[in-house]
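J.:
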Amino acid sequence: MEALVAAHSGIRWLVIVGLLVVLLWAFAGKQRHQPTWVRIVGGLFSLQVLLGIVLYVINEGWSQGGFIAIWHPIGMIAALAAFQIGTGRSRSESNPRMLGIATLISIVLVLAAVPWPRGMM
58 MEALVAAHSG IRWLVIVGLL VVLLWAFAGK QRHQPTWVRI VGGLFSLQVL LGIVLYVINE
118 GWSQGGFIAI WHPIGMIAAL AAFQIGTGRS RSESNPRMLG IATLISIVLV LAAVPWPRGM
178 M
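Structure follows, in structure tokens:
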């Protein structure tokens, strides 16, 4: 159980850094096709959400109160959906700016849905 929590917490930072790198790359707009590492970031993001769902079920997250019970899972699933939709549309239209906009939306949703320690807010 602690291993799942540690993995979920650790992968969080990889996802946030990965999303920031994708954002910078997309708005630089120098290439039309997506590099492989954009897919790797998407895979890490999907793994992160999957681990979160597993933890939610194991820990009965719905009984933990407002933020963790409702806003955290909804925000993270919406963030993943925005990123995946943006990745797909960007690839089909060869438009890195589309990926940048979707990634920016995803980053905002992730940062809003992370349960930050009280001293950070």
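Going by the numbering used here, the sequence shown opens with residue 58, and the numbers climb by one from there. Ideal Cβ positions, reconstructed from N, Cα and C, are used throughout, including at glycine.
Helix, strand or coil for Val95 per DSSP?
T.: helix
J.: Is the Cβ-Cβ distance between Gly118 and Ile125 less than 8 Å?
T.: Between Gly118 and Ile125, the C-beta gap is smaller than 8 Å, which places the two residues in contact.
J.: Return the CA-CA distance between Gln141 and Phe84, expressed in angstroms with no decimal places.
T.: 17 Å
J.: Leaving out five residues before and five after Ala135 in sequence, what residues of the same chain have Cβ atoms less than 6 Å from its Cβ?
T.: Leu166
J.: Specify, as a first and last residue, the run of the alpha helix (DSSP H) that Trp70 falls within.
T.: Element bounds for Trp70: Glu59 to Ala85.
J.: Count the CB pairs spanning the segment 102-114 and the segment 143-150 that are closer than 8 Å, and state whether there are at least three.
T.: In short, these stretches do not touch, since the Cβ pair count stays below three.
J.: Could you check the C-alpha separation between Trp128 and His90 for me, to the nearest Å?
T.: Each residue's alpha carbon lies about 34 Å from the other.
J.: Mark Ser163 as exposed unless 16 or more other C-beta atoms lie within 10 angstroms of its C-beta, in which case mark it buried.
T.: Under the 10 Å beta carbon count, Ser163 is surrounded by 16 or more other beta carbons and is classified as buried.
J.: If we ignore side chains and look at the alpha-carbon of each, how far apart do Leu80 and Val98 end up?
T.: Each residue's Cα considered, the two are about 11 Å apart.
J.: For Ala139, is the classification buried or exposed, using 16 other Cβ atoms within 10 angstroms of its Cβ as the cut-off for buried?
T.: buried
J.: Can you name the start and end residues of the alpha helix (DSSP H) that Gln141 belongs to?
T.: His129 to Glu150
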